[in-house]
Structure formats: structure tokens, C-alpha cells
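Sequence lines, in order, name chains A and B.
Each residue of the first sequence is one higher than the last, beginning at 1 in the working numbering.
Each residue of the second sequence is one higher than the last, beginning at 1001 in the working numbering.
All residues carry an ideal CB built from backbone N, CA and C; glycine is no exception.
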Amino acid sequence: MSPFLRSYLTVVWFGLAAFLLGGLLLWLASLLRPVKPNPEKVLAYESGVNPVGEGWSQSQIRYYVFALLFVVFDVEAVFLFPWATQLERYGSFGLIEMGVFVAVLLLGLVYAWRKGVLRWV
Amino acid sequence: MSAVSFLAIDPLLEGDFLWTPLLIVLVKVLVVFVVGLVATMLMVWFERKAIAGMQNRVGPNKAGPFGLLQTLADGIKLFFKEDLLPERADKFVFRLAPYLSFVPAFLAFAIIPLGGDFRDGNGGLVTWFGQTTRVQLADPPVGVLFALAISSIAVYGIMLAGWSSGSKYPLLGSVRASAQMVSYEASLGLSLAAVILVCGTLSTSGIVNAQSSLGSWNLVATGVVPFLIFLVSATAELNRPPFDLVEAEQELVGGFNTEYSSIRFALFFLAEFMNTITMSALIVTLFFGGPQPITIGGTSLDIPLVPNGLEGTVWLLLKVLVFLYIYVWFRGTLPRFRYDQLMDLGWKFLIPASLGWFMLLAGQRLADDREWDQWIVMPLSLAVITLAFAMMQLAFRASDRNREAEGVQF
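Next up, the structure:
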């Protein structure tokens, strides 16, 4: 195994330990807690009244559009980070290039903004 | 070696297999794990006590000295609570979601330098029992990206918890949460880029190492603005007040965890406070020199009575405490944002501001490297940004006019 992957193995073991701790806690609780379900208890909670309609109701499309916009800026970060570590190497060419890239993406944001996508009514 | 290669959980274990390094690694995992849990417990107590103080109350004071064991008492109580599975829930995902929230909360802790000797060019390496190691669970070369990745995974826990409950309030809470976390993730990453620009490395120990004196702390070196953006984004990312719309009690009952009870709820609760601690530690690592002592003009402050190997840890603890207090302070003083205000702040202010500052900083760094005249470069880059801003305002005005002419309502 390469040293690169090996430095992540500690993380894997650590995550496994956290996973096991969660499991252990749930298992311990399952030994201790009472289990007396009845139809009233397992109803979906709607502040005391009987639930109306489906639990999975429709939600606004706006949330989805934000997720789309996020992808743009997350991908941008992917390009920004490597360049940021090697700034001096690419010099003014890199700076102008990145300036144009950022400007194009910001234009996209401004477009979405004016389209009213960022608006909550 | 090959028989034990699966045990090689740390770079220390390369080469001949020895018991000492393995033990050190196991002890490291164990200590970090226990410290994480105990710190979370204390954080819950600290928050309740500090909030109580701000609101002229006493706060927890019955269980243990100063009520220190209150969290433990609450935890034990939760063990004896019935665990309800709502009939409409997606059973598998409902059980899975607490893990998705809990495990990443721990994982993010792995890349934070928790101590070590950073003075005199030691680079954070310490020698324990004849072995040189870092006081850090893992030091991947892309530590910062790892932290960002883990904080993205935490979104799944909340999203799936709300969705799988099959109930309206949790669903609303989780949809809000994912949109909010995703939005602020963008400005979080972009303000982080400024730190990477200054330090030239993605590894957390490298970033700490670069901040050897007060003047080279990234807070100063990046010019405060990225820190402020990061702090606000981190608060939103943690779903803490004033950005806790996910669990806005007045609107959504308990938010995404309304249907959860017993230990499953406790896992979410632990994860939330664990994340607060981790994020504070990350802020300290990125902007305040992590375990570095405060160094002014070549002389570093020395904490008396603490051995040198532990001093880094003490410094980190002190700095993290400041941020934990700031988070509690936020909660004690700031009213909750409205959702549209929250999204406006993220998209219309923080993202453009962090990008603008990043480009400004990049120009300044490059000018510094190439020995261009700073007096020309800085006004020039400022002029470019002002021009861009003015053009945007003009475009907005033009589009407003067009919309009015077309008779569009918004």
C-alpha cells in the first residue's frame, strides 16, 4: 500500500471506531429501554393533531436551483485550490486567466440573481 | 511485515514492525476519541451555563460540581427512553441517518493538529518514546480538502434524517438545511482559498507551520476579511444560531430530528456539539496558528509549569475556548435570521466578497513575488473590482428598466 493511502488508513480506523461507538450506544440502549409501541405513538408528529395527507409533501423548486448553483461554485473551488498553491509559478498569465474564469462564473451568478432565482417570496 | 500490513495505520509503521509505534498510534486514536467525547460533554455544559449566565439564570448546578455531570445525566436518561420508529418512516434510512451525522463529526477531528512543538523549525514533530511523530491523527497532504469533504457529508445525515421521517416538519427542516449548508459551503471553500494562497499548502500541519509569529497568522496575512467570511459561513454550516433555521422551534417543532427519540436523538445532539468544537479548532488552525504559541517580535510567550511537548495542546485549547465562547455568545445575543435574509447574505454578499478578496490577495501576492510596484498594483486591482461592481449595478438598473417596460412584476 502506498504511503499516500496509508495516511488515510488512520482516518478509516477512526471512522470505524466512531461507527462502532454509535452501534454500541444503540445496542446498550436497546437492552435498557422499554419497547411498548402503540398506533398512537408511531403516528407522524404534527403538533398533537392527526397527520393530514402524505408525509412527503412537495417542496419549493427553489431549493433545487440552489443546489445547481452550488455545483458551479464548488467546481470553481476545485480549480481555485490547486492554482492558489502554485500562484507564483503561473505568474501574471495565471492571474489573468483566473480573473477571467472568476468573472465568467460571477456573471453566471449575476444572471441567476436577475432571473429572480435567488429570490424568496 | 505483510501479515501486519493491515495494521499499518500510520506512516510511522513503515519498515520493520515494532510495537512502540503501533502502540503510539493506538494510544493516539484512543486519546483523541476520548478527548473528543469528553470535550463534547463539557461543551454542552459550558453552553448551558454560559447562556444561563447571559440570561440571568443559574443554569445546571445539581449534577456534580457546578453541574458538570449534567450532560452525563441527560445521556443516561436517554438510554432509558423508548425508541420510536414512526410508521411512515423509511425504516432503513431512518436508522442509518444518525450514523451519517455522527461519524463525520468525529472524522473531521482527525486532520486537526492537536499539539506539538512548532517553535525553532521543529514543524510540529515531537519525539515520544524514541519515535518522531505528529500530535495529529492523520496528516494527509490535502487535509483542508478532507475537512471540506467531511463537512459536505454531514449534510447527508441531516437531509436523510428529515426525509426518512415521513413527516412534514422534519422534511421542511431538512430541505432548508441542505439548501443552507450547500450555499454556505461555497463561501466557506472560497474564503479558505485565501488561506491556501498565503500558505501555499493544503496540509493542515503545513498551514500551522507557516504561521510562526503573530504577524504571520493567517488572520493578519489574509487581511481579516476571509476570516470573517469563514466565521459566518462556519456558523451557518453548523446550523447554529443565528442561522439555526433547520431547527427553528417556533416554525418547525424540532426541525429534522422531530421524529427521533432516545439514543438516536442523542447521536444527532452529540454530532452537533462535536461539530462546533471541530469547526472552532479548524478556525484556529487556519487563521490563528493552531498550537503555535503567541510570538511577538521573535520571543514567544511561554506558559509556566507546562512541559514543552504539551504546550502546543494548551495553546490550542485556549484558542479553541475563545471560539466556543463566541459561538455561545452568538446564540445568547443574536436573533434568528429569516430564510430569505440568510440566502441573500450567502449568495449576494459572502460569495462575491470572498471571490473579490481572493483575487485582490492573489494580485498582491504575485506583485510581491515579481517585485512589481505595489503602489501601482493595488490601486489597479481595486479599480478593476470597482469597475466590475459599477458595471453590475448598471446592468441591474438596465434590467430593472426593461422589466418595468415589459410589465414584469418582480
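Label residue i either buried or exposed according to how many other C-beta atoms from any shown protein chain fall within 10 Å of its C-beta, with 16 as the threshold for buried.
i, result
"B:Ser-1354", "buried"
"A:Glu-97", "exposed"
"B:Val-1032", "buried"
"B:Met-1043", "buried"
"A:Val-72", "exposed"
"A:Trp-27", "exposed"
"B:Arg-1264", "buried"
"B:Glu-1371", "exposed"
"B:Phe-1389", "exposed"
"B:Asp-1117", "buried"
"A:Leu-107", "exposed"
"B:Lys-1028", "buried"
"B:Ile-1277", "buried"
"B:Asp-1368", "exposed"
"B:Pro-1086", "buried"
"A:Gly-91", "exposed"
"B:Gln-1374", "exposed"
"A:Ile-61", "exposed"
"B:Pro-1352", "buried"
How big is the Cα-Cα spacing for residue i and residue j?
i, j, result
"B:Ala-1105", "B:Pro-1307", "30 Å"
"B:Val-1377", "A:Val-75", "29 Å"
"B:Leu-1192", "B:Ser-1167", "37 Å"
"A:Leu-80", "B:Asn-1239", "26 Å"
"B:Val-1328", "B:Glu-1047", "6 Å"
"B:Ala-1108", "B:Leu-1171", "26 Å"
"B:Leu-1125", "B:Pro-1113", "11 Å"
"B:Leu-1345", "A:Leu-109", "14 Å"
"A:Gly-116", "B:Glu-1237", "24 Å"
"B:Arg-1095", "B:Leu-1219", "41 Å"
"B:Glu-1247", "A:Val-35", "27 Å"
"A:Leu-69", "B:Phe-1079", "42 Å"
"B:Val-1034", "B:Ile-1283", "22 Å"
"A:Pro-37", "A:Ser-57", "26 Å"
"B:Ser-1366", "B:Pro-1293", "Strictly speaking, residue 1366 of chain B in this sequence is Leu, with Ser absent from that position. Each residue's Cα considered, the two are about 29 Å apart."
"B:Ser-1300", "A:Glu-46", "58 Å"
"B:Met-1391", "B:Ala-1179", "29 Å"
"B:Leu-1342", "B:Leu-1245", "9 Å"
"B:Ser-1152", "B:Leu-1361", "26 Å"
"B:Phe-1287", "B:Glu-1406", "49 Å"
"B:Val-1320", "B:Arg-1403", "50 Å"
"B:Asn-1209", "A:Arg-89", "22 Å"
"B:Leu-1145", "B:Ser-1187", "14 Å"
"A:Ala-29", "B:Ser-1205", "39 Å"
"B:Thr-1235", "B:Ile-1024", "35 Å"
Under 7 Å between beta-carbons, which chain C residues line up against residue i? List them in chain order, please.
i, result
"A:Phe-93", "Any reference to chain C falls outside this structure, whose protein chains are A and B."
Assuming residue i contacts residue j (C-beta within less than 8 Å), just tell me the rounded distance between them.
i, j, result
"B:Val-1182", "A:Ala-67", "6 Å"
"B:Ile-1296", "B:Leu-1214", "5 Å"
"B:Thr-1040", "B:Met-1274", "5 Å"
"B:Leu-1252", "B:Tyr-1339", "Actually they do not touch by this definition, with Cβ atoms about 11 Å apart."
"B:Leu-1203", "B:Gly-1290", "For clarity, residue 1203 of chain B is Ser in the given sequence; the question names Leu instead. Incorrect: roughly 12 Å between the Cβ atoms, too far for contact."
"B:Ala-1138", "A:Val-11", "5 Å"
"B:Gly-1173", "B:Gly-1162", "5 Å"
"B:Tyr-1099", "A:Phe-101", "Contact flag wrong, Cβ pair sits at about 38 Å."
"B:Ser-1280", "B:Phe-1243", "Not confirmed; about 16 Å, so no contact."
"B:Gly-1356", "B:Ile-1326", "Not really, about 25 Å apart at Cβ, beyond 8 Å."
"B:Leu-1190", "A:Ala-77", "6 Å"
Name the one or two DSSP bridge partners that residue i has.
i, result
"B:Val-1126", "B:Thr-1133"
"B:Ser-1300", "B:Thr-1295"
Within 8 Å of chain A by C-beta, residues of the stretch 1348-1373 of chain B in sequence order: For the stretch 1348-1373 of chain B, which is checked against every Cβ of chain A, the residues closer than 8 Å are Lys-1348, Ile-1351, Pro-1352, Leu-1355, Phe-1358, Met-1359, Ala-1362, Gly-1363, Arg-1365, Leu-1366, Asp-1369, Arg-1370.
Which residues, taken in chain order from the stretch 15-31 of chain A, show a beta carbon closer than 7 Å to some beta carbon of chain B? Gly-15, Ala-17, Ala-18, Phe-19, Gly-22, Leu-25, Leu-26, Leu-28, Ala-29
Going along the stretch 1162-1178 of chain B in order, which residues come within less than 9 Å of chain A, judged by CB to CB distance? Trp-1163, Ser-1165, Gly-1166, Ser-1167, Lys-1168, Tyr-1169, Pro-1170, Leu-1171, Leu-1172, Val-1175, Arg-1176, Ser-1178
With 8 Å as the C-beta to C-beta threshold (strictly closer), list the residues of the stretch 41-53 of chain A near chain B in chain order. Listed by position along the chain: Lys-41, Val-42, Leu-43, Ala-44, Tyr-45, Glu-46, Ser-47, Pro-51.
With 8 Å as the C-beta to C-beta threshold (strictly closer), list the residues of the stretch 1259-1274 of chain B near chain A in chain order. Glu-1259, Ser-1262, Ile-1263, Arg-1264, Ala-1266, Leu-1267
Interface positions of the stretch 1065-1095 of chain B facing chain A (Cβ-Cβ less than 7 Å), listed along the chain: Phe-1079, Phe-1080, Lys-1081, Glu-1082, Asp-1083, Leu-1084, Leu-1085, Pro-1086, Glu-1087, Arg-1088
Name the residues in the stretch 1200-1212 of chain B whose C-beta lies less than 7 Å from a C-beta of chain A; which are they? Gly-1200, Thr-1201, Leu-1202
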